[in-house]
Every structure is written in C-alpha cells, then in structure tokens.
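Since the structure comes first, as structure tokens, the remarks are kept for the end.
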Amino acid sequence: MIKIKAILHESIHKEGMTQDLIKRYGGAAPRYTSYPTAPHFNAGVGEDAYRARLASLPQEPISLYVHIPFCDTLCWFCGCHTKITRRYEPVADYVDTLISELAELAHAATPDLSMSHMHWGGGSPTLLTPKDTLRLARVATALFAPAQNYEFAIEIDPRETGIDRIAALAEAGLTRASIGVQDFDPQVQQAINRLQSFEETAAAANNLKEFGVKSLNLDLMYGLPYQTLARTLQTIEQALTLRPDRVALFGYAHVPWMKTHQRLIPEDALPGPEARKEAADAAAELLIGAGYLQIGIDHFALPDDSLSQAEDARTLRRNFQGYTTDQAKTLLPVGASSIGRLPDMFIQNEPSLKSHAKRVTEGHLPISKGVLLSMDDQLRATIIERLMCDFSVDLSATCTLFGADITSLSDAFPRLKQMQEDGLLNQSKGTITVTETGKPYIRQIAACFDQYFSQGTARHSSTV
Ligand SMILES: C[S@@+](CC[C@H](N)C(=O)[O-])C[C@H]1O[C@@H](n2cnc3c(N)ncnc32)[C@H](O)[C@@H]1O
Ligand code: SF4
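In structure tokens, the structure reads:
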C-alpha cells in the first residue's frame, strides 16, 4: 500500500512532461502482431497457393493456433473474434469441424511434421467440455507429434474453468495457462459486464498449479471505464499475490466502429490519453518493483521465465498471440478467423462459423484471405518485429540479410529524424535504439517502416 501511495504521488509530477509527446505521437497505429497488418490481407491469396506451400514445408517443427470463437457471456470491452452462445451444441459441432480441419491440414502438409507450440485462443477455449478438450488435443498431437520442449498454451476464463476442465487440460499436456482477469474493482467490472471475483480467479490459478501446469500468465487491462490509477494499482497488487510468471497489461483498445458492442461502454467514464499513459507507467513501476522484467510493449515476466530469457538473448518473437518464445517459421491456423504464417505468406481462415464449417465439410482448407510477402515486406516485417521486441534494430545488418540497400528504406528517414530530435530514439552506424522516452510510442516508431500504413484507410486504436 505504501508503494502504491508513492507511485500515485510521483505520477502527478510526470504529467506535464508527457502531454506534448502524447499530442504528437499518441495517435492511432497498429499493434504490429504482423506486417503487413490484417486489414491489408486480400482475397487474391488462394487455397491452391497455400496448399502448394504446405506440401513443400521442410521437416521442421510447426506451430498450431486453434481458435475457439465462443463465450457464454459478452464482455463489453471485448475486441476478440467471438460469438455468444448459451447452448453447447454449436460448440460440440465446432469441435467436430476442427478435427476434420486438422486432418485435412496434416494430409495437405509434408508428412510427419512435428509441433513445437500449440496455442488455443478465443473466445474462450475453456468452454469446451473435458471430453471435447481431450478429444481435440489428442487428435492434434496424433497428427503433429510434440517436438522437444513442446508447449501447449491456452487462454482461460476462470469464471467457467472448474477443476474437471483443468484436470482434462493437464491430462492433454497443458504447459502454460493464461487467465483473463482485466480488473478486480466492482464498479469497473459492472461497466464492462464482467463480474469475476478474486476468489474464482485464485481458485483457477491454484488448481492449475496443483495439476502441474507450471507457467501462469494473468491478463490485466488499463484504460477501462471508471478505472482510476489507484484501482489499477490495487488490481495489480491483488493479482501479484497469485505469483504469476507473466503478466500481460493491455491498454483497452476502444474501437466501437469495428466492435459495435463496445458502444455499451460509457465513453465519458473512459480515462483520457494522459490518464492512460499515467496508469501504464505506474503499473509498470509497480510490476518492476515486484521483480518482473518489462517485455516489449505490454508484457512483464519473472527473470527466470522463458520470455525474459528470450528477450535477453534477443530471440523474442511477436506473432498474432503477442510476444512468444516460439521459433517455428510456420504457424498453421485452425478454426474460424484464425490467422497463420508461412515464411512468405500470411493466411486467415473464414471468419464466419457457417462458411468455415461449409468449406471444411467440402474438404477445403478454409482460408479466406492472406497476403504474399515480397522481399521488401519481409525486410520491413523483420525491422518492425525487432523494434517491437528489442526496442532496437540494426538496419544495415537487416538490409544485408535481405540483399537490400539501406536507401530502400529512405521513406522512413524524415520521420525518424523528427523522432530523434524529439528524444524518442537514437541513430548510430545504421542502428536505431529507442530511448526510455520513446518506448511508449514504439508503435508509431515502427509505423515509420510500414509502407501500407499511410496509404491505408484502416482505423486503429490509439498508441497510448
Ligand atoms: C480471448 S481473451 C482471454 C480468454 C477469455 N476469453 C477471457 O476473457 O478470460 C484475450 C484477452 O484479450 C484482452 N482483450 C480483449 N479485448 C480487448 C480490448 N478491446 N483491448 C485490449 N485488450 C483486450 C483481454 O485482456 C483478454 O483477457
Ligand atoms: S474478453 Fe474473453 S470472455 Fe470476454 S467476451 Fe471476449 S473472449 Fe469472451
């Protein structure tokens, strides 16, 4: 509590200094979980091109991302691709579809590929019954055998994850769990339609540990309605009593033009950009004071966690699920709206449940769009990924890697120069290093290399 008071006091003094930078660099920018970003995927990438690449994948471990787009109640802040269902029947049917899709994927790909990571995201994968959980996991691991140091991660909604589901997940080989928390304050929870007690969150965390699931992440958010700085810090203090290995601290992305249910969020109760920045800074200070290392833009991890070690070794990666230690060059998408990556291609599955099921039943791989990566895309993707992961990038070395001349990036230079003058970054011998002042604006710095950003009409959430 003394620590919270000290942070609250200090943050008042920092306020004025940041207002100017927020005005200049706090605008909208992508979160760069891919480059090019999803709004630039197009229908020109077809199933034939995808199948041709799958058939010639090298004998290296792949990863799977399995999307479960169902929840039993709607959180009004939710930006995920999900559908609310009170009945289990559509979920059971969906599991059957996923199993068929997995079989077709394994059939289309190079035979006998192993798997380094499997991630189940959503929506709420914990909506699956224990029987369906085991059924799906067993099919996936029978088709793609777990490689050495295999990881199986899942996103958990503790409001529905009783001991029977956790037992099934443990039996299925779960190694990493990410629990959705957001905020423990009752007024905030009411305003986002997510009532979740500390006790049910703690029960899920403790049960996971008892069943041997070693690694635990908690998802927290700032920028939610009625969230004051004190409430944010209070939530973090409570969350830390569960000793998570990782904490993801997401800034609420308010995009009501895309997610119309977000109109239920009272906009006048949302913290403004300065309050959001203040909350993010103070939360980081509290987490760092508790022994966590800050990873990228929104993650914190204990020093012995693999995410911290990857950051230290500069092998951290960023994909559609955020920061990861997974080094697989191929991430295969499974399920409606799921996004995947091959070395020179992004693909996204049909977002509609109906079309997804129809395509799978007809024996297709249900991709709906994607993008082929030119050499220039791959160069810029690497630069953006290193900036988002390391806050630094050696432009000269990266250009050499792709056989490009550094002048091919000259469109980025005028804006980078301005950012250097504003103290956001330093440049020396072809290397960009982001300063502490610049870190909160990393999305804007990365956007300097994004050739689609200025041309595009896509709207994004604000940077801070
Ligand atoms: C798929 S959910 C996690 C699993 C489960 N559905 C749950 O909510 O407990 C993924 C996470 O995304 C984050 N999230 C969802 N909507 C968001 C938004 N609009 N802005 C920022 N983060 C968001 C939340 O922290 C949430 O826990
Ligand atoms: S935040 Fe999680 S539980 Fe809530 S609606 Fe979104 S996916 Fe479902």
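As numbered in our numbering, residues -13 to 450 make up the sequence shown, in order.
Every residue gets a Cβ at the ideal spot worked out from N, C-alpha and C, and that includes glycine.
Listed as beta-bridge partners of I333 by DSSP are G326 and G356. Sequence-distant Cβ neighbours of D312 in its own chain, meaning closer than 8 Å and more than five residues away, are S49, S102, H103, E137, R303 and N305. P400 sits in a helix when the DSSP states are folded into three classes. The Cβ-Cβ distance between Y309 and A266 does not fall below 8 Å. With the criterion CB distance below 6 Å from any heavy atom of ligand 2, the matching residues run C57, L60, C61, C64, C66, T68, G108, G109, S110, D143 and G166 along the chain. The three-state reading of DSSP puts C66 in coil, since its state is none of H, G, I, E or B. Around the CB of S42, fewer than 16 other CB atoms lie within 10 Å, so the residue is classed as exposed.
In the three-state reduction of the DSSP assignment, S292 falls in the helix class. Around the Cβ of T218, a 10 Å sphere holds 16 or more other Cβ atoms; the residue is buried. For T227, the closest C-alpha among the options P16, A191 and G237 is that of A191.
The alpha helix (DSSP H) runs lying completely inside the region 13 to 72 and spanning 4 residues or more are 33 to 41, given in chain order. Counting only runs that start and end inside the region 64 to 124, the beta strand (DSSP E) elements of at least 3 residues fall at 100 to 108.
Pairing A390 with L328, the inter-Cα distance amounts to about 21 Å.
When the beta-carbon positions are compared, F130 and L99 come within less than 8 Å of each other. In terms of side-chain proximity, the C-beta atom of A190 is found no nearer than 7 Å to any non-hydrogen atom of ligand 1. Less than 8 Å divides the Cβ of S110 from the Cβ of D143. Between the region 416 to 436 and the region 390 to 402 there are three or more inter-stretch CB-CB distances shorter than 8 Å, so the stretches are counted as touching. The alpha helix (DSSP H) runs of length 4 or more contained entirely in the region 266 to 322 are, from start to end of the chain, 292 to 298.
In terms of Cβ geometry, L288 and D330 do not form a close pair [threshold 8 Å]. Taking 8 Å as the cut-off, the Cβ atoms of E90 and L351 count as close. As the crow flies, the alpha-carbon of A163 is around 10 Å from that of L155. Taken through DSSP and simplified to helix, strand or coil, E137 comes out as strand. By the C-beta density criterion, T221 is buried, having at least 16 other C-beta atoms within 10 angstroms.
The alpha-carbon of D362 is positioned some 21 Å away from that of I428.
When DSSP states are grouped into helix, strand and coil, S183 belongs to the coil group. Contact annotation: I8 and K263 have beta-carbon atoms nearer than 8 Å. Bounds of the beta strand (DSSP E) holding D380 are S378 to D380.
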